[in-house]
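Residue numbers (the working numbering): 23 to 223. Note that CB positions come from ideal geometry on N, CA and C, so glycine has one too.
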């Protein structure tokens, strides 16, 4: 069951998720896990465009994946000097599927689904769930003080975190799509964990 939050809705803090901006691999649909590649010019532009959107938010904690595409997005969005990185926000380890597109994988393994099947020599959704639960537990301590938290990371890991927030099973992340430079807001209603906003541009 979702934990009950002590604050009324008018004062409920939020856990805000931000997916990194576009990279060359995300643009072409390649699975990008541990490979550390930079943002494209368009990715940098869209990340910088988020600064005025987030400028009014007083985040007590800013956590990011250590990959440069996530850290750079956080910097461009206005959080340089405030970013703490954690491997728990790293993208899925895609194992031998790293750098491949879904159509390329389907040629080798028809019907493959990351959320159901995991990645050979990589991670399963259940294994990633353990990581994101640790992130949520850390964020929860700040949220319980009535303060907002920002997480800057990757598409699949943030989808896994969104699913965990509302008690979906690990494969429930398949139902949550998050575009590059997309925002989500997780909060509370009547004491229950809810998704307030998902995949806002």
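Beta-carbon within less than 8 Å of residue 93's beta-carbon, same chain only, minus the 5 sequence neighbours each way: which residues are those? Taking the chain shown and counting its residues from 1, the one referred to as residue 93 is at position 71. Excluding residues up to 5 positions away in sequence, 86, 87, 105, 107 and 174 lie with their Cβ nearer than 8 Å to the Cβ of residue 93 in the same chain.
Over the uninterrupted beta strand (DSSP E) stretch that includes residue 170, give me the two end residues. Position 148 of the chain shown holds residue 170. Segment 170-175, the beta strand (DSSP E) holding residue 170.
Suppose you measure from the CA of residue 132 to the CA of residue 111; what does that come to, to the nearest Å? Here residue 132 refers to the residue found at position 110 when the chain shown is read from its first residue. Here residue 111 refers to the residue found at position 89 when the chain shown is read from its first residue. Cα-Cα distance, rounded: 29 Å.
Taking residue 72 and residue 203 to be in contact with their CB atoms under 8 Å, please state how far apart those CB atoms are, rounded to whole angstroms. Residue mapping note: residue 72 aligns to position 50 of the chain shown, counting from 1. Residue mapping note: residue 203 aligns to position 181 of the chain shown, counting from 1. With 8 Å as the limit, residue 72 and residue 203 qualify as a contact, their Cβ atoms being about 7 Å apart.
Are the beta-carbon atoms of residue 148 and residue 192 separated by less than 8 Å? To locate residue 148, count along the chain shown from 1; it is residue 126. To locate residue 192, count along the chain shown from 1; it is residue 170. Annotated as proximal: residue 148 and residue 192, with beta-carbon spacing under 8 Å.
Is the stretch 160-169 touching the stretch 121-139, taking contact as three or more C-beta pairs under 8 Å? At 8 Å Cβ cutoff, the stretches do not touch.
Nearest CA to the CA of residue 67: which residue from 44, 37, 178 and 195? Locating residue 67 in the chain shown gives position 45, counting from the first residue. From the listed residues 44, 37, 178 and 195, the smallest Cα separation to residue 67 is found for 44.
Can you give me the C-alpha to C-alpha distance between residue 228 and residue 195, rounded to a whole angstrom? The structure shown does not extend to residue 228, since the chain is modelled only from 23 to 223, so the question has no answer here.
Cβ-based burial, residue 150 [other Cβ within 10 Å; buried from 16]: By 1-based counting over the chain shown, the position of residue 150 is 128. Label assigned to residue 150: buried.
Buried or exposed by the 16-neighbour rule on C-beta atoms within 10 Å, applied to residue 23: Here residue 23 corresponds to residue number 1 of the chain shown, with the count starting at 1. Its pLDDT being 37, under 50, residue 23 is placed unreliably in this model, and the value from its coordinates should be taken loosely. Its Cβ having fewer than 16 others within 10 Å, residue 23 is exposed.
If distances are taken between C-alpha atoms only, which option among 214, 207, 39 and 182 comes closest to residue 114? Counting from one through the chain shown, the residue named residue 114 turns up at place 92. The option with the nearest alpha carbon to residue 114 is 182.
Which runs of the beta strand (DSSP E) at least 3 residues long sit entirely within the stretch 74-134? Give them in chain order. Whole beta strand (DSSP E) segments, 3+ residues: 81-86 and 105-107.
Could you spell out the range, first to last residue, of the beta strand (DSSP E) harbouring residue 64? For the purposes of this step, residue 64 is taken as the residue at position 42 of the chain shown. Counting along the chain, residue 64 falls outside any beta strand (DSSP E), though it belongs to the alpha helix (DSSP H) covering 63-70.
Since residue 116 contacts residue 55 with CB under 8 Å, what's their CB separation in whole angstroms? Position 94 of the chain shown, counted from the first residue, corresponds to residue 116. Position 33 of the chain shown, counted from the first residue, corresponds to residue 55. Their Cβ separation, rounded to whole angstroms, is 4 Å, which keeps residue 116 and residue 55 in contact under 8 Å.
Alpha-carbon spacing of residue 41 relative to residue 142, whole angstroms: Taking the chain shown and counting its residues from 1, one reaches residue 41 at position 19. Taking the chain shown and counting its residues from 1, one reaches residue 142 at position 120. Residue 41 and residue 142: Cα-Cα distance of roughly 25 Å.
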